[in-house]
Every structure is written in structure tokens, then in C-alpha cells.
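Going by numbering that gives the first Met the number 0, the residue at position 57 of the sequence shown is 56; the numbering climbs one at a time, nothing skipped. Backbone N, C-alpha and C fix where the C-beta goes; we use that ideal spot for every residue, glycine too. Reading through the C-alpha cells given below for one structure.
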Amino acid sequence: MLKSLWNDEAGVILSAELVLVGTILVLGMIVGLVELQCTVISELSDLSSAFGNFSQSYETSGFGSSKGGNQFKARTYGSAYTDRADTCDCDTNLSIICSDFGEAQK
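Shown next, in the form of C-alpha cells:
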């Protein structure tokens with residue numbers, strides 16, 4: 000029985016085909032996931048550039064209320080903040096390395 004099992008070659012070609020098809024599918028999936036990763040990183044870089052380019056400067060004026068006779072009931076002073084450009088506010092310092100030719104031209 001062991002000799003007949005050893006000499007039985009039915010299904011050998013089917014197994015080799017399955018291994019080949021499985022290998023091609025895994026390699027294709029790896030390439031697809033790498034391209035997906037590159038695209039997601041590129042879009043997140045665009046989003047971070049958009050957030051970095053928001054001007055977060057603000058200015059509020061003060062106001063006061065007087066009782067009369069040159070006396071104040073309540074008074075608030077104004078405030079201001081100026082958002083200066085940081086080194087990370089532009090997209091020139093972000094270098095994303097992808098093997099895609101279209102990404103290299105950005």
C-alpha cells in the first residue's frame with residue numbers, strides 16, 4: 000500500500016498549479032498594497048499641507064462701558080495673535096519617496 004501511494008501521481012500537477020497561482024496572487028497583492036500605501040501617504044501629505052497653510056491669526060478689539068463722569072463700569076482689552084510661517088507649513092520639506100514616475104514629478 001505504501002508503494003502504491005508513493006507511485007500515485009494523481010493531483011501533482013494540480014498542486015503545482017495552485018502554488019503558482021497562489022504565488023502570483025500574493026505578489027500582485029503586495030504590489031497593490033504598496034501602491035495603496037503610496038497613494039494614502041500622498042493624500043495625507045496634501046491634507047497636512049492644507050492644514051499647515053491655514054492662517055490662524057486673529058484679532059479682537061477691546062470694549063468698555065462707562066458709568067459717566069469718566070469712570071468705567073467694565074472694560075476689556077483687545078488681543079491679537081499673528082501666525083508666522085513655520086518650517087513645516089509648506090510642502091517643500093516633505094519628501095515622499097515613491098517609485099511611481101507621477102509621484103516623482105510632484
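Cβ-Cβ separation between Gly63 and Ala73: approximately 7 Å, consistent with a contact (criterion under 8 Å). Between the alpha carbons of Phe71 and Tyr80 lies a gap of roughly 26 Å.
Residue pairing by DSSP puts Arg74 in a beta bridge opposite Gly63.
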